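Engineer: Whatever position you read off the sequence shown (first residue = 1), add 26 for full-length UniProt numbering. Think of the CB as a built atom: it goes at the ideal place given N, C-alpha and C, for glycine as much as any other residue. All of these numbers come straight from a predicted model, not from anything done at the bench. This is the structure, below, for whatever I ask next.
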Amino acid sequence: SVDITKLRAQTGLVTLDSGFKNTGATTSGITFLNGEAGVLRYRGYAIEDLAEHASFLEVAYLLIYGNLPNPEELNHFTSEITRRTLVNEGVKKIFAGFPVNAHPMGVMASLASSLASFYPESIDPHRTPDLVNLTIIRLLAKFPTLAAWSYKNSNGHPVNYPRNKLNYVQNFMQMMFALPTYEYEIDPDVEEALNKLLILHADHEQNCSTSAVRLVGSSQASLYSSVSAGISALWGPLHGGANQQVIEMLDKIHQDGGDVKKYIEKAKDKNDTFRLMGFGHRVYKNFDPRARIIKKSCDKVLNKLGIKDPTLEIAKKLEETALNDDYFVERKLYPNVDFYSGIIYRALGFPIDMFTVMFTLGRLPGWIAQWKEMREAQQPISRPRQIYTGSTARDFVKLEDRG
Ligand code: ACO
């Protein structure tokens with residue numbers, strides 16, 4: 027056992043908060059989250075209002091610059107992004123180096139990082155505000171192109187170049203799904219659902235990936251390197267990677283005869299490593315408001331597309347059973363943002379390993395806003411302390427004398 031008092035005497039007074047369960051790393055004016063009440067606001071605006079009335083680029087502008095844009099500001103922002111959607115042809119050579127079955131999240135982390143090589147001026151820690159802005163615009167512009175190309179590459183299909191007469195969401199879907207032999211046209215309800223999903227994922231204060239972006243950025247690393255770290259953090263199954271895990275879990279339950287209770291019991295069993303994916307949250311101890319909106323959207327999209335996905339019924343049964351079970355009630359475990367999103371992504375035609383990439387597309391403005399806020403506040407380099415629990419001082423023994 028560890029004598030914390032003795033260790034503190036050696037280290038000085040250090041607060042130990044494993045997993046940062048109760049440690050604030052920063053002040054922030056971007057996102058307000060009340061986990062007890064299930065409230066989420068971006069820059070003071072309710073998530074429900076933004077999801078219902080705004081476009082994804084309006085929300086991106088709001089998060090990054092602090093206010094909703096007026097029509098002129100939105101036009102300018104949109105056209106600055108739209109004319110930069112093309113990526114350097116050299117990117118295709120990077121793709122060629124990946125195996126075809128490479129997970130697109132790994133590919134995206136590499137590609138985001140590679141932008142620092144294509145735009146070396148982004149590395150300069152003394153960049154002017156105009157240059158910072160250009161770095162931001164380029165990232166927003168090129169990210170959907172890179173995401174869609176990573177999917178095309180994994181299929182061995184030729185990539186689609188951006189079509190700038192389309193809006194942000196339409197353009198992405200065109201690059202994802204059009205083929206030389208097939209002109210893709212997006213259904214307006216599909217576009218609305220996707221726009222909503224992106225908005226709902228756009229920021230969530232100091233979550234794991236955003237904290238990774240801020241931590242890397244605090245060394246004055248470039249935005250592109252910082253966002254690459256965020257992508258890697260998001261990929262983990264306990265964070266954004268959960269949306270892929272949820273659908274795999276729902277499929278498994280379906281193939282196993284749809285016995286929801288059996289899986290609820292497994293999730294409760296402390297000797298079993300199985301967890302109900304898409305359930306629980308570090309901050310929400312009430313219904314995640316994003317999950318509520320996505321669940322509605324899910325019903326609408328599946329109805330519109332005439333898709334009967336048995337996993338939607340399984341998800342609803344799981345939710346109902348869990349919310350009436352003491353284990354989940356006592357621990358305040360509710361469906362989170364990842365619980366229903368995968369069912370929509372699948373209905374829209376996304377393969378499972380693109381689900382977490384869809385999360386990155388939504389989260390990008392949040393990462394950018396948080397990075398920008400941190401740099402503008404001139405936050406010092408992040409450098410947590412530790413309490414050392416290793417060996418005390420030992421005499422060195424030469425290799426030949428070690429038994
Ligand atoms: N299934 C079963 N039990 C759970 C689950 C779950 N999904 N989530 C939490 N618990 C239990 C824990 O075992 C623990 O029980 P105990 O008190 O008896 O030990 C208690 O609830 C508290 O859970 P912690 O793991 O301590 O909570 P923490 O805040 O550290 O973790 C997390 C939050 C990672 C989201 C967790 O709930 C989880 O693993 N959920 C499944 C993965 C998931 O859906 N992740 C996506 C989160 S949303 C996002 O990142 C976008």
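Identify the continuous beta strand (DSSP E) that holds residue 65 and give its terminal residues.
Structural biologist: 65-68
Engineer: Measuring only from the beta carbon, is residue 131 closer than 7 Å to any heavy atom that is part of ligand 1?
Structural biologist: no
Engineer: Where does residue 60 sit, in a helix, a strand or coil, going by DSSP?
Structural biologist: strand
Engineer: So which of 195, 238, 137, 58 has the shortest CA-CA distance to residue 45?
Structural biologist: 238
Engineer: Is the stretch 304-316 touching the stretch 53-64 in the sense that three or more CB pairs, one from each, lie closer than 8 Å?
Structural biologist: yes
Engineer: Using the C-alpha atoms, what's the distance from residue 31 back to residue 414?
Structural biologist: 12 Å
Engineer: Would you say residue 486 and residue 97 are within 8 Å of each other, going by their C-beta atoms?
Structural biologist: Nothing about residue 486 can be read from this structure; the chain reaches only from 27 to 429.
Engineer: From what residue to what residue does the alpha helix (DSSP H) around residue 412 run?
Structural biologist: That residue, residue 412, is in no alpha helix (DSSP H); it is neither H nor E in DSSP.
Engineer: Would you call the stretch 103-116 and the stretch 177-190 in contact, with 3 or more CB pairs under 8 Å?
Structural biologist: yes
Engineer: Out of curiosity, what's the CA-to-CA distance linking residue 325 and residue 359?
Structural biologist: Looking at the two C-alpha atoms, the distance is approximately 23 Å.
Engineer: Shorter than 7 Å, the distance from the beta carbon of residue 66 to the closest heavy atom of ligand 1, or not?
Structural biologist: no
Engineer: Just to confirm, are residue 279 and residue 347 a CB contact at a threshold of 8 Å?
Structural biologist: no
Engineer: Check the C-beta distance from residue 379 over to residue 130 and give it rounded, since I have them as a contact under 8 Å.
Structural biologist: Their Cβ separation, rounded to whole angstroms, is 6 Å, which keeps residue 379 and residue 130 in contact under 8 Å.
Engineer: How far does the alpha helix (DSSP H) with residue 103 in it extend, from its first residue to its last?
Structural biologist: Element bounds for residue 103: 97-108.
Engineer: Is residue 361 helix, strand or coil when you go by DSSP?
Structural biologist: Judged by DSSP in its simplified three-state form, residue 361 adopts strand.
Engineer: Within this structure, are the beta carbons of residue 54 and residue 126 separated by less than 8 Å?
Structural biologist: no
Engineer: Pick helix, strand or coil for residue 238, following the three-state DSSP scheme.
Structural biologist: helix
Engineer: With 16 as the cutoff for other CB atoms within 10 Å, does residue 412 come out buried or exposed?
Structural biologist: exposed
Engineer: Just to confirm the assignment, what range does the alpha helix (DSSP H) spanning residue 164 have?
Structural biologist: 155-181 is the extent of the alpha helix (DSSP H) around residue 164.
Engineer: Does the distance from the C-beta atom of residue 366 to that of residue 321 stay below 8 Å?
Structural biologist: yes
Engineer: For residue 229, is the classification buried or exposed, using 16 other Cβ atoms within 10 angstroms of its Cβ as the cut-off for buried?
Structural biologist: buried
Engineer: So the candidates are 404, 121, 337, 357; which of them puts its Cα closest to the Cα of residue 183?
Structural biologist: 121
Engineer: From what residue to what residue does the alpha helix (DSSP H) around residue 208 run?
Structural biologist: Annotation for residue 208: no alpha helix (DSSP H) segment contains it, and DSSP assigns it neither H nor E.
Engineer: Which ranges does the alpha helix (DSSP H) cover as unbroken runs of at least 4 residues, wholly within the stretch 305-377, from first to last along the chain?
Structural biologist: For the stretch 305-377, whole alpha helix (DSSP H) runs of length 4 or above, ordered along the chain, are 315-331, 336-349, 352-356, 364-373.
Engineer: What span of residues does the alpha helix (DSSP H) with residue 119 cover, start to end?
Structural biologist: 116-123
Engineer: Going by beta-carbon coordinates alone, are residue 269 and residue 382 separated by less than 8 Å?
Structural biologist: Using a Cβ distance threshold of 8 Å, residue 269 and residue 382 count as a contacting pair.
Engineer: Can you check whether the CB of residue 198 is closer than 8 Å to the CB of residue 219?
Structural biologist: no
Engineer: In the DSSP output, what is residue 72 paired with across the bridge?
Structural biologist: BP columns for residue 72 point to 67.
Engineer: Three or more C-beta pairs under 8 Å: does that hold for the stretch 250-265 against the stretch 282-289?
Structural biologist: Not touching, per the Cβ criterion.
Engineer: Just mark residue 422 as buried or exposed, buried being the case when its beta carbon has 16 or more other beta carbons within 10 Å.
Structural biologist: exposed
Engineer: Please report the residue range of the alpha helix (DSSP H) in which residue 218 lies.
Structural biologist: Per DSSP, residue 218 belongs to the alpha helix (DSSP H) from 214-226.
Engineer: Indicate, with yes or no, if ligand 1 has a heavy atom lying under 7 Å from the CB of residue 305.
Structural biologist: yes
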